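Anchor point for the sequence shown: position 335 equals 336 in the working numbering, and the numbering is continuous, going up by one each time. Built from N, CA and C at the ideal position, the CB exists for glycine as well. Since we're looking at a predicted model, the values are computed, not measured.
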Amino acid sequence: MQDRTYTADAEPGDEVTVAGWVHEIRDLGGIAFLILRDTTGKIQIKFEKEEMDDDLVETGLDVSRESVIKVSGGVEEEPRAPTGVEVTPESLEVVAPADPELPLDPSGKVDADLSTRLDNRTLDLRKDDVQSIFEIRSGVLNAVRDQFREFDCTEINTPKIVATGTEGGTELFPITYFGEEAFMNQSPQLFKQLIAGSNVERVFEIGPIFRAEEHNTPRHLNEATSIDFEGAFCDHEDAMDVAEGIVKSAYEAVQENFGDELEALGIADEFEVPEGDFPRISYEEAIERINATGELDEQLVWGDDLSTPAEEALGQDVGGHYFITDWPSEIKPFYIKDHDDDPELSTGFDLMHPRMELVSGGQREHRHEKLIEGFEQQGLDPDQFEYYTKMFKYGMPPHAGFGLGGERLLMTLLNLDNIREAVLFPRDRQRLSP
Ligand code: ATP
Ligand code: AMO
2 MQDRTYTADA
12 EPGDEVTVAG
22 WVHEIRDLGG
32 IAFLILRDTT
42 GKIQIKFEKE
52 EMDDDLVETG
62 LDVSRESVIK
72 VSGGVEEEPR
82 APTGVEVTPE
92 SLEVVAPADP
102 ELPLDPSGKV
112 DADLSTRLDN
122 RTLDLRKDDV
132 QSIFEIRSGV
142 LNAVRDQFRE
152 FDCTEINTPK
162 IVATGTEGGT
172 ELFPITYFGE
182 EAFMNQSPQL
192 FKQLIAGSNV
202 ERVFEIGPIF
212 RAEEHNTPRH
222 LNEATSIDFE
232 GAFCDHEDAM
242 DVAEGIVKSA
252 YEAVQENFGD
262 ELEALGIADE
272 FEVPEGDFPR
282 ISYEEAIERI
292 NATGELDEQL
302 VWGDDLSTPA
312 EEALGQDVGG
322 HYFITDWPSE
332 IKPFYIKDHD
342 DDPELSTGFD
352 LMHPRMELVS
362 GGQREHRHEK
372 LIEGFEQQGL
382 DPDQFEYYTK
392 MFKYGMPPHA
402 GFGLGGERLL
412 MTLLNLDNIR
422 EAVLFPRDRQ
432 RLSP
């Protein structure tokens, strides 16, 4: 609408046409107020009943909450109005009426459970705090892209319909591809490696990953956003540096550009950009420290994966972001390289937030023969991966990378209780629509 003024831009003395949703109507008898809301904020529309056209007053005060209206009139200063100005309407059009029975209350006065909110996302997003999450999400992805460019990376897009899995066969969604068995991609892992092995060298991708996890937890999704990096001539230490830089860039961007949104979410006072280098703790030290907390019923032994309570115990002990390095080779995937001086130890690492894992990564096995051996050790058929392994015969440099869960980054950054709050339309065990 060309002649439309955003509520935030309406200045005393202006003649404006504002358009948006009916947030609230307060009828005080001789005078009534309608609060109109748009993407920039809210503005008060004043109805002085005795002095105004009856039809205009009636249309304005009969309209149901959340209807879309368009109001033209003069803007005046009014210290008692919520934003210090108000519009005296000369005309009012109901553009799209709303059913008075709303499935949730966008004014936020009545709480709705997450499931009702997700079923009615359009209405849910009319709330300042919910909208703020997605404004921040957009800003975080921007910041991450900028930071990857600073790191000389090229953005790539890899296929989401694929022939093989990479992260363990049980978590694949099968689909039929012209009569052939295919899968939704679990990770851009193999493709990003294939590109890092070309002259492009340093790549990143922000895209969906699909995991048929049975988990129904506050931190698992069946469709998530993976922020992936892969760099040629990088080792696992370099990949950790990049992961740390990317996570910090997200916090810095939020601190710098999203003060109002943090305020709307009620976390402006507690929000902090992580300071100093993230400690790098070996797996061996990690299990010792977890055991020493006494938080677990059973002591961990070398080779155990870290359970959620184990991660939580260590997270509390460390108190900030940290890496776990040098994992046992046997619990890391085939593409992770072992240390040259100790084949029991891998170059795999995880970047942890005190609440949960954010990143997995490592240096990759770039030697063709060793790679084939790795498939066999994990019971995988190397022939199925020939499209990938054959490129390791034509000059594959050492390389390393990582995958960072976009929603987990947001969830921990904004201290959200549930990962679903960081996705517009989450996919989980119970939810396939909207
Ligand atoms: P006034 O003479 O100040 O315009 P009024 O006598 O016409 O007010 P009332 O019906 O007495 O209107 O006001 C009802 C309530 O609305 C009062 O608490 C008053 O402070 C408040 N009020 C009046 N005008 C505004 C306004 N423009 N913005 C916000 N609140 C207002
Ligand atoms: P991994 O399987 O550990 O590693 O995944 C990387 C990161 O992605 C996020 N993530 C998820 N987030 C929400 N719901 C899920 N179901 C989910 N699964 C994963 C997590 C996790 O740390 N190819 C490797 C990465 C690499 O080595 O480059 C991989 O996919 O934050």
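CB-CB length for residue 43 against residue 37, believed under 8 Å: 7 Å
Report the start-end ranges of each beta strand (DSSP E) in the stretch 265-347 that is 3 residues or longer and not cut off at the edges. 281-283, 323-326, 343-347
Nearest-angstrom Cα separation, counted from residue 185 out to residue 73: 51 Å
Can you tell me which of the three DSSP states residue 155 falls into? strand
For residue 187 and residue 172, which I take to be in contact (beta-carbon distance under 8 Å), what is that distance rounded to the nearest angstrom? 6 Å
In the DSSP assignment, find the beta strand (DSSP E) that holds residue 439 and state where it starts and stops. The structure shown does not extend to residue 439, since the chain is modelled only from 2 through 435, so no value can be given for it.
Using only CA atoms, which one of 55, 237, 162, 144 lies nearest to residue 178? 162
Please classify residue 344 as buried or exposed, where buried requires at least 16 neighbouring CB atoms within 10 angstroms. exposed
Are any of the Cβ atoms in chain C nearer than 8 Å to that of residue 429? Of the protein chains in the structure, only one exists, and it is not chain C.
Rounded C-alpha distance that separates residue 350 from residue 263: 31 Å
What does the alpha-carbon distance come out to for the pair residue 291 and residue 315? 5 Å
Would residue 229 and residue 189 be called neighbours here (beta carbons separated by less than 8 Å)? yes
According to DSSP, which residues form a beta bridge with residue 90? 74
Run through the DSSP bridge pairs and tell me what residue 34 is partnered with. 27, 47
Give the DSSP-derived three-state secondary structure of residue 261 in the structure shown. helix
Beta-carbon spacing of residue 401, residue 364 below 8 Å: yes
Using a threshold of 8 Å, state whether the C-beta atoms of residue 243 and residue 280 are closer than that. no
Just reading off the beta strand (DSSP E) that residue 377 is part of, what are its end residues? Not the beta strand (DSSP E): residue 377 falls in the alpha helix (DSSP H), residues 369-378.
Element boundaries [alpha helix (DSSP H), containing residue 58]: 55-63
If distances are taken between C-alpha atoms only, which option among 250, 119, 393, 191 comes closest to residue 143? 250
Quick one: which unbroken beta strand (DSSP E) runs of 3-plus residues sit fully inside the stretch 106-190? Chain order, please. 175-178, 181-185
Is any heavy atom of the ligand MN found at a distance shorter than 7 Å from the C-beta of residue 141? For the ligand MN, the structure offers nothing, since it holds only the ligand ATP and the ligand AMO.
Express the C-alpha separation of residue 100 and residue 278 in angstroms, rounding to a whole number. 54 Å
Can you check DSSP and say which residues form a bridge with residue 364? 401
Could you check if residue 117 belongs to the surroundings of the ligand AMO, using beta carbon to heavy atom distance under 7 Å? no
Return yes when the C-beta of residue 270 is under 7 Å from any heavy atom of the ligand AMO, and no when it is not. no
Secondary structure at residue 358, three-state DSSP: helix, strand or coil? strand
Check this for me: beta carbons of residue 65 and residue 97, under 8 Å apart or not? no
Do you know how far the Cα of residue 85 is from the Cα of residue 296? 54 Å
The ligand AMO and residue 105: does any heavy atom of the ligand fall closer than 7 Å to the residue's C-beta? no
Which same chain residues, not among the five before or five after residue 394, have their C-beta less than 6 Å away from its C-beta? 369
Proximal residues to residue 213 (C-beta, below 7 Å), its chain only, five neighbours per side dropped: 172, 173, 174, 223
Residues that residue 406 bridges to, as DSSP identifies them: 227
Residue(s) in a DSSP beta bridge with residue 233: 400
Since residue 436 sits in a beta bridge, which residues does DSSP pair it with? Because the chain is modelled from 2 through 435, residue 436 falls outside the range shown and cannot be assessed.
At least 3 beta-carbon pairs within less than 8 Å: the stretch 318-332 vs the stretch 294-308: yes
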